[in-house]
Amino acid sequence: MDQQWGDGTRLQHVGEEVKHCGAVNPPIFQNSLFVFDDLDVFLSRDRKPDGPGFSYSRLGNPSLTIVEKKIAALERTDKAKVFGSGMAAISAALLACVEQGSHVLAVDMCYGPTQGFLNEYLNRFGVTVSYVSGVDTDELLAAIRPETTVLYLESPSSLIFRMQDFRTITAECRRRGITTITDNSYSGGIHQKPATMGVDVVVHSATKYLAGHSDLVAGVVAGSEQFIDRLTEREINWLGGLIMPMGAWLLMRGMRTLKLRMRHAEEQGNALAQFLTAQSWVERVHHVGLDDFPQRDLRDSQMSGCSSLLSFEPKDQDADKLRRFIEALQIFQLGVSWGGFESLAVPLEISPMGWDGPRRLVRLYAGLEEMEDLTADLTQAAAQAW
0 MDQQWGDGTR
10 LQHVGEEVKH
20 CGAVNPPIFQ
30 NSLFVFDDLD
40 VFLSRDRKPD
50 GPGFSYSRLG
60 NPSLTIVEKK
70 IAALERTDKA
80 KVFGSGMAAI
90 SAALLACVEQ
100 GSHVLAVDMC
110 YGPTQGFLNE
120 YLNRFGVTVS
130 YVSGVDTDEL
140 LAAIRPETTV
150 LYLESPSSLI
160 FRMQDFRTIT
170 AECRRRGITT
180 ITDNSYSGGI
190 HQKPATMGVD
200 VVVHSATKYL
210 AGHSDLVAGV
220 VAGSEQFIDR
230 LTEREINWLG
240 GLIMPMGAWL
250 LMRGMRTLKL
260 RMRHAEEQGN
270 ALAQFLTAQS
280 WVERVHHVGL
290 DDFPQRDLRD
300 SQMSGCSSLL
310 SFEPKDQDAD
320 KLRRFIEALQ
330 IFQLGVSWGG
340 FESLAVPLEI
350 SPMGWDGPRR
360 LVRLYAGLEE
370 MEDLTADLTQ
380 AAAQAW
């Protein structure tokens, strides 16, 4: 790979240096195991379980390796592994960093199921967890304990898109021997490169922007060769969780257009946020791309763009009126994921650290529909609700 290649070129060519029978698209290696001609190679302790010299598709498969090389090149890490879901990837990454008695420090607005895994599952095995907002770096670093082994970040975080200062945080964590993990799903690997700012491990719900077509559930862990090899030999070998070859091929296909889609997502997100800030029924808009984004200096130093995921708080917090708004939407559909072709809306009540109390908000995801149609849909729904 040419190290000077841009993301668009990397996504098309990395991992595809060998053309099987001249095919422009790689074949799908839909097989469970691999056989050997050489007994010494088969018996070698030096043989990597995920190739070259594949043995069993639970550990690795050529179809997975192609997309894994693309993701590692995109994220500027040594290696990556592709899982059957985002939570499979996140859980494996966290399990690789804890033992009985470990403490995990996480941002309070990280993905809900991630919090469930930390609070309920790891707690069963003597792992403790505490949370910080992540906005105040000094406060975050002060919350580290002697038994802290991993710091779990999500920048921008879910729902209200708070950011964390990667460079300062990771420098201190490396000094203390603490592993840093961040969820980079929001940026799709395009608008932000956490590994270049010191983050040890990058995870994705590849279901979202990486796959991009609402036809696949997948996850990613990217990091150093040492970390990924250890993850393969332990968590992947013992727990499974890797994606199937057909899923890996679909993920590769989706990633062909990732850079183009992320460019469009930024345009959609900024246009929708500007529209919402001008509406009388909106109290506050949470969007990374706004000029008055509270952490704009940090955004400008860590990110090259934003996406089309945002949220807003209605001025009228009445639950019945908010329900009428959601039910009146015609283009925006009620659904929990994002990153695909369709626009989505989800009503939520949250109470993040630093807020006076709970507030109702609506998370919006702008898909590939025309912006004029999306804003018209929001306008007519608001007229019926407020």
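Numbering-wise (numbering that gives the first Met the number 0), the sequence shown opens with residue 0 and increments by one. Backbone N, C-alpha and C define an ideal beta-carbon position, used for all residues, glycine too.
Less than 8 Å between the beta carbons of M245 and I27, yes or no?
Position 246 of the sequence shown, counting from 1, holds the residue named residue 245. Position 28 of the sequence shown, counting from 1, holds the residue named residue 27. Cβ distance < 8 Å, so M245 and I27 count as in contact.
Taking the DSSP output, what are the residues bridged to Q294?
Locating residue 294 in the sequence shown gives position 295, counting from the first residue. Partner(s): none; Q294 has no beta bridge.
Taking C-alpha atoms, which residue in M261, S132, V103 lies nearest to N388?
As shown, the chain starts at 0 and ends at 385. That puts residue 388 outside it, with no answer to give.
Please determine, among Q99, V106, C109, S132, the residue with the shortest C-alpha to C-alpha distance to G125.
In the sequence shown, residue 125 corresponds to position 126, counting from 1. Selected option, being the one with the closest Cα: Q99.
Cβ-based burial, W337 [other Cβ within 10 Å; buried from 16]
For the purposes of this step, residue 337 is identified with residue 338 of the sequence shown, where counting begins at 1. With 16 or more other Cβ atoms within 10 Å, it is buried.
Hey, out of E312, I349, S307, whose CA is closest to L373's CA?
Within the sequence shown, numbered from 1, the residue matching residue 373 stands at position 374. It is S307.
Any idea what DSSP makes of S129, helix, strand or coil?
Within the sequence shown, the letter at position 130 stands for residue 129. Per DSSP, reduced to three states, the secondary structure at S129 is strand.
How about Y185 and P155: are their beta carbons less than 8 Å apart?
Against the sequence shown, residue 185 aligns to sequence position 186. Against the sequence shown, residue 155 aligns to sequence position 156. The answer is yes: Cβ separation under 8 Å.
Taking Cβ positions, are V201 and A221 nearer each other than 8 Å?
For the purposes of this step, residue 201 is identified with residue 202 of the sequence shown, where counting begins at 1. For the purposes of this step, residue 221 is identified with residue 222 of the sequence shown, where counting begins at 1. In contact: V201 and A221 (Cβ atoms closer than 8 Å).
Apart from the five residues on each side of it in sequence, which residues of its chain come closer than 6 Å, Cβ to Cβ, to A92?
Along the sequence shown, one-based indexing puts residue 92 at 93. Taken in chain order, the residues that qualify are I180, V200, V202, V220.
Distance check for D317 and A79, CA to CA, integer angstroms please.
Mapped onto the sequence shown, residue 79 falls at position 80. Mapped onto the sequence shown, residue 317 falls at position 318. Approximately 45 Å, taken between the alpha carbons.
Can you tell me whether G365 is buried or exposed, with buried defined as 16 or more other CB within 10 angstroms of its CB?
Residue numbering aside, residue 365 sits at position 366 when the sequence shown is read from its first letter. The sequence given here has Ala at residue 365, not Gly. A365 is buried by the Cβ-count criterion.
Between the Cα of A205 and those of T195, G187, R262, spot the shortest distance and give me the residue it belongs to.
Position 206 of the sequence shown, counting from 1, holds the residue named residue 205. Nearest in C-alpha terms to A205, of all of T195, G187, R262, is G187.
Starting from the Cα of R144, find the closest Cα among Q163, L343, S129, Q114 and give me that residue.
Locating residue 144 in the sequence shown gives position 145, where the first residue counts as 1. Closest option to R144, Cα to Cα, is S129.
With three or more C-beta pairs closer than 8 Å as the rule, is the segment 58-78 touching the segment 247-255?
With contact defined as three or more Cβ pairs closer than 8 Å, the segment 247-255 and the segment 58-78 are in contact.
How would you call A71, buried or exposed, if buried means at least 16 neighbouring beta carbons within 10 angstroms?
Locating residue 71 in the sequence shown gives position 72, where the first residue counts as 1. Counting Cβ neighbours within 10 Å, A71 comes out buried, since at least 16 surround it.
Pop quiz: E138 and S101 are said to be a contact at Cβ under 8 Å. What is the actual Cβ separation, rounded to whole angstroms?
Numbered from its first residue, the sequence shown carries residue 138 at position 139. Numbered from its first residue, the sequence shown carries residue 101 at position 102. So it is not a contact: roughly 21 Å between Cβ atoms.
Thinking C-beta only, is L257 closer than 8 Å to G211?
Taking the sequence shown and counting its residues from 1, one reaches residue 211 at position 212. Taking the sequence shown and counting its residues from 1, one reaches residue 257 at position 258. Taking 8 Å as the Cβ cut-off, G211 and L257 qualify as a contacting pair.
Beta-carbon contacts of V17 that lie in its chain and below 7 Å, excluding the five residues immediately before and after
Numbered from its first residue, the sequence shown carries residue 17 at position 18. Within the same chain, and ignoring the five residues on either side of V17 in sequence, no residue has its Cβ closer than 7 Å to its Cβ.
Taking the DSSP output, what are the residues bridged to V13?
The sequence position of residue 13 within the sequence shown is 14, counting from 1. Its beta-bridge partners do not exist; DSSP assigns none.
For E29, which three-state DSSP category applies?
As a working mapping, residue 29 is identified with position 30 in the sequence shown. Sequence check: residue 29 is Gln here, not Glu. If DSSP states are grouped into helix, strand and coil, Q29 belongs with coil.
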